[in-house]
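Enquirer: Mapping of the sequence shown onto this note's numbering: residues -8 to 41, in sequence order.
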Amino acid sequence: MNIQRNILLNPGPATTTDTVKMAQIVPDICPRERAFGQLMRALGTDLLKV
-8 MNIQRNILLN
2 PGPATTTDTV
12 KMAQIVPDIC
22 PRERAFGQLM
32 RALGTDLLKV
């Protein structure tokens, strides 16, 4: 996987592990997509269990 390095300009030192950086590399889900609706239903069901 080829990762493009971006510069994050925020105050203070902010170091993150490679694990955190890799977790952020996911495709976006648009709220109009079927996958978003499925995700929200699953989250709602799981929240009711809590």
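From the three backbone atoms N, C-alpha and C, an ideal C-beta is built for every residue, glycine too.
1. Measure the alpha-carbon distance for M31 versus Q(-5) and round it to whole angstroms.
2. Just verifying my parser: in three-state terms, what is the DSSP assignment at L0?
3. In three-state terms, what does DSSP make of R23?
4. Please classify V11: does DSSP put it in a helix, a strand, or coil?
5. Identify, in the order they occur along the chain, each residue of the same chain with its Cβ nearer than 8 Å to the Cβ of I20, setting aside the five sequence neighbours on each side.
Expert: Taking the structure as given:
1. Here residue 31 refers to the residue found at position 40 when the sequence shown is read from its first residue. Here residue -5 refers to the residue found at position 4 when the sequence shown is read from its first residue. When rounded, the distance between both Cα atoms is 30 Å.
2. As a position in the sequence shown, residue 0 is number 9, starting the count at 1. Three-state result, L0: coil.
3. For the purposes of this step, residue 23 is taken as the residue at position 32 of the sequence shown. Coil.
4. In the sequence shown, residue 11 corresponds to position 20, counting from 1. Note: V11 maps to helix in three-state DSSP.
5. Along the sequence shown, one-based indexing puts residue 20 at 29. Taken in chain order, the residues that qualify are A26, F27, L30.
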